[in-house]
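Data block below; observations after.
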Amino acid sequence: MAFQKAVKGTALIGGGAIATVFGLSQFSQHRNKHGALVQVQAAEAVPARKEHLPTREQQLAALQGGGEFDVLVIGGGATGCGCALDAATRGLKTALLERDDFSSGTSSRSTKLIHGGVRYLQKAIMKLDFEQYRMVKEALEERAHLLQSAPHLSDALPIMLPIYKWWQLPYYWIGIKLYDLVAGSQCLKSSYVLTKSRALELFPMLRRDKLVGAIVYYDGQHNDARMNLAIALTAARYGAATANYTEVRHLLKRSDTGRVCGVRCRDVLTGKEFDVRAKCVINATGPFTDSVRKMDDQEVPNICQPSAGVHIVMPGYYSPDNMGLLDPDTSDGRVIFFLPWEKMTIAGTTDSPTDVTAHPIPTEEDINFILCEVRNYLGPDVEVRRGDVLAAWSGIRPLVTNPDSKDTQSLSRNHVVTISDSGLITIAGGKWTTYRAMARDTIDAAVREHSLEAGSCQTMGLQLEGAEDWSPTLYIRLVQDYGLESEVAQHLASTYGDKAFEVAKIAQVTGKRWPIVGKRLVSEFPYIEAEVVYGVKEYARTAVDIIARRTRLAFLNVQAADEALPRIVDIMAKELNWSEQKKKEELETAKTFLYYEMGYKVKTDQLTDSSEISLVPADIERYKKRFRMFDKDKKGFITILDVQRVLQSISVQMDENTLHEILNEVDLNKNGQVELNEFLQV
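Per the working numbering, residue 1 is the first one in the sequence shown, and the count goes up by one each step.
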């Protein structure tokens with residue numbers, strides 16, 4: 001019955017979407033004032049874009065007093081925000097509710113790739129599966145759109161496939177060339193073959209033993225949480241009433257027909273409950289798809305099969321600045337990506353079946369598996385250290401169940417739109433890259449099912465928040481006009497696009513000769529205090545919102561995020577009028593988030609479980625004082641430079657290699673520094 005209305009992938013394209021497809025020739029190109037090339041759609045008029053972003057309080061007021069909406073979207077991930085943007089730009093009165101923060105779930109925990117799926121194309125060819133082929137082709141088209149719609153947040157990335165057996169060279173070359181061919185005119189750059197010497201020149205960390213050569217192809221890469229937020233903010237500027245921290249309690253239904261007509265929701269921050277009525281309700285909740293479907297019908301079968309992907313972040317020196325690595329055939333059959341991102345290195349796995357929908361905690365077993373695979377591909381002169389894991393996280397990928405599949409690896413990431421008997425529309429499955437096409441198909445279904453008065457899809461070629469006046473040289477103006485450090489200016493330009501000027505305007509004076517403005521939250525990263533203030537304007541309401549999604553500090557280095565937390569909480573407290581008790585709660589919640597969800601617990605356990613400290617309290621205090629004698633800067637750890645300084649002060653000479661060997665023995669977690677626990681254990 002209801003499931004018979006389900007249509008997979010692009011098969012759901014209706015009259016409006018078909019008009020969009022045939023209307024692609026109606027795009028014109030021009031250059032903005034910074035010389036960046038942008039596309040303009042001339043097919044239908046898009047509603048006016050608001051110059052000023054509404055506050056969260058204004059958005060809540062619109063939800064409570066705005067009458068009946070045409071479309072109400074549940075879920076603030078990439079797909080949900082995409083649905084809200086699509087609906088709003090068609091002129092539909094739109095609302096969006098997210099019980100946590102925008103991109104707090106799967107959409108911020110991806111591999112950061114915008115890709116068509118090389119292995120899905122391989123499966124499509126090997127199994128003569130036209131549906132998978134069509135999914136890859138659509139994803140490659142959407143890849144090009146995503147790169148164009150937010151060029152400040154995304155870019156093309158070369159990815160290397162190292163070849164260690166001669167027969168693999170023609171096999172993978174044919175596959176990658178087919179990948180280019182399917183992309184057609186949307187191919188980012190043509191793939192190419194490298195000799196062994198050239199491969200080692202571009203990726204010097206690579207294991208050279210038995211290396212035959214390499215193949216390099218191109219995919220896209222982005223800042224996923226910021227991209228998700230850009231979609232949400234763009235939807236808000238086009239008139240959508242969007243609210244984070246607003247959870248749906250239950251669905252509202254008409255007493256006469258039983259049709260869904262809205263939701264009962266609650267503001268998580270205040271506890272206030274209210275109703276939001278809508279002609280059409282869309283379920284875009286990712287891993288929580290089935291829980292919302294069961295609000296509509298308790299007996300409905302599950303359609304979502306979760307799959308976990310674990311990722312770790314390591315220092316940037318593990319990979320070249322602009323070259324990723326793909327291992328398509330690991331020891332257990334999974335794919336591993338090894339990618340530069342935000343001047344760090346991400347290593348991640350895909351497709352680990354799981355029964356949970358909450359984000360699982362990355363385990364030591366997960367991390368060691370990834371490290372083992374990394375060691376297999378790096379040369380013996382590169383010591384892969386457990387202590388170099390700076391952050392770790394696990395994300396749930398909400399794949400659509402195929403009754404014939406035995407595990408998630410045999411599933412494609414195609415999407416399914418279902419319409420229940422009561423009119424609830426659910427969008428499930430899919431992948432980050434195809435969020436726009438998923439949203440288009442969903443709103444097309446909503447327009448048909450609920451007879452909404454709306455035009456065709458308007459999001460192809462639409463510039464997202466910050467993209468309109470961005471250019472690759474925008475950061476130079478930030479340096480020249482505001483006196484920001486070059487690294488900070490580049491970060492602001494690549495994070496906020498043309499909105500970087502708004503952040504620079506509120507940046508505090510440093511009191512130094514240079515930089516003039518822009519106080520950093522932590523010295524190693526280009527995040528500045530003004531971003532916390534601006535983050536509140538972007539609907540950030542917790543410290544976790546800042547460290548995980550407005551900035552990406554928690555995903556890059558959990559210790560640095562932990563160090564920045566007190567200052568972040570102080571700034572947010574001033575902006576949001578928090579009490580001292582609220583500040584303590586926020587600090588504790590954020591530390592818990594880092595501890596369990598971002599790998600801090602695993603990092604701590606790995607150190608403290610290695611041996612027990614059997615010292616009496618007096619000894620501990622005495623050795624703490626000795627530790628502080630070395631750690632003059634109060635960093636919380638000792639480096640080789642600290643030891644050299646102390647030795648020089650007492651006129652003791654020691655060979656640097658000998659000193660390095662001694663410290664390496666003391667450094668139990670092999671991260672190049674000696675923490676207090678390690679010092680006490682020794």
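No residue lacks a Cβ here, since even glycine has one placed at the ideal position from N, Cα and C.
Bear in mind that the values here come from a model prediction, so they are computed numbers and not experimental data.
In chain order, what residues of the same chain lie with their CB nearer than 7 Å to the CB of residue i, ignoring the 5 residues before and after it?
i	result
G91	P47, A454 and G455
V384	L371, V374, R375 and L378
A684	Residue 684 falls outside the range modelled here, since the chain spans only 1 to 682, and no answer is possible.
L229	F102, S103, E538 and R549
L462	T89 and S149
V674	F637, I638, L663, V666 and D667
T551	Y527 and E531
D404	With a pLDDT of 42 at D404, under the threshold of 50, the modelled position of this residue cannot be trusted, and the question is left open.
S25	Summary for S25: the model assigns pLDDT 37, below 50, so the residue's position carries little reliability; its value from the coordinates is reported in the next sentence. None.
So, under 8 Å CB-CB, residue i and residue j are touching, yes? Tell me the CB distance rounded to an integer number of Å.
i	j	result
P200	A156	Contrary to the premise, residue 200 reads as Leu rather than Pro in this sequence. Contact doesn't hold; Cβ gap of about 23 Å is too wide.
T434	E138	6 Å
L96	A240	6 Å
E575	V533	6 Å
H152	S494	6 Å
A235	L85	4 Å
A573	K583	5 Å
E136	V182	Note on identity: in this sequence residue 136 is Val, with Glu being the wrong assignment. Yes, they are in contact, since the Cβ atoms of V136 and V182 sit about 6 Å apart, within 8 Å.
Taking the CB atoms as reference points, tell me whether residue i and residue j lie closer together than 8 Å.
i	j	result
I159	Y217	yes
F679	I638	yes
A174	S191	Looking at the sequence provided, one finds Ile at residue 174 rather than Ala. Result no, Cβ atoms of I174 and S191 do not sit closer than 8 Å.
G395	H415	no
P162	L121	no
A467	V503	no
G636	A392	no
I74	I231	no
G77	A308	no
I568	I546	yes
G258	S422	yes
E597	I443	no
G116	R143	yes
F130	V313	no
Q305	T401	yes
In chain order, what residues of the same chain lie with their CB nearer than 6 Å to the CB of residue i, ignoring the 5 residues before and after it?
i	result
N302	D290
P526	E487, V488 and H491
G449	Before going further, note that residue 449 is Glu rather than Gly in the sequence given. The residues are I419.
G15	For G15, the pLDDT reaches just 36, beneath the cut-off of 50, and the residue's location in the model is therefore unreliable, although a value from the coordinates is still provided. Excluding residues within five positions, none has a Cβ falling inside 6 Å.
L147	S154 and G220
K196	L211 and G213
L60	A243
W432	A78 and S110
T246	L97, C265 and D267
If you reduce the DSSP assignment to three classes, tell me which class residue i lands in.
i	result
R143	helix
Q305	strand
G262	strand
F338	strand
H660	helix
R520	strand
M314	strand
V40	Residue confidence is low: V40 scores 40 on pLDDT, short of 50, so the model does not pin down where it sits. Its coordinate-derived value is still stated next. The answer is strand: DSSP assigns V40 an E or B state.
E247	strand
W432	helix
H115	coil
S394	strand
F679	helix
Q673	coil
M344	strand
V300	coil
H34	With a pLDDT of 40 at H34, under the threshold of 50, the modelled position of this residue cannot be trusted; read the value that follows with caution. H34: coil per DSSP, three-state reduction.
N376	helix
P204	coil
For residue i, collect the residues of the same chain with a Cβ closer than 8 Å to its Cβ; drop the 5 residues on either side in sequence, then sort them by chain order.
i	result
P315	M344, T345, D388 and L390
L452	D70, V71, L92, K279, C280 and A446
F203	M160, P162, A214, S319, P320, M323 and L325
P566	L587
Hey, is residue i close to the ligand FAD, as in C-beta under 7 Å from one of its heavy atoms?
i	result
Y596	The ligand content of the structure shown is nil, which means the ligand FAD is not present either.
Check: Are the stretch 496-515 and the stretch 476-486 touching, with three or more C-beta to C-beta distances below 8 Å?
Finding: yes
Notebook entry, point to check: Does the pairing of the stretch 106-113 with the stretch 250-258 give three or more beta-carbon distances under 8 Å?
Noted result: no
Check: Hey, is the stretch 310-329 in contact with the stretch 266-281, meaning 3+ C-beta pairs nearer than 8 Å?
Finding: no
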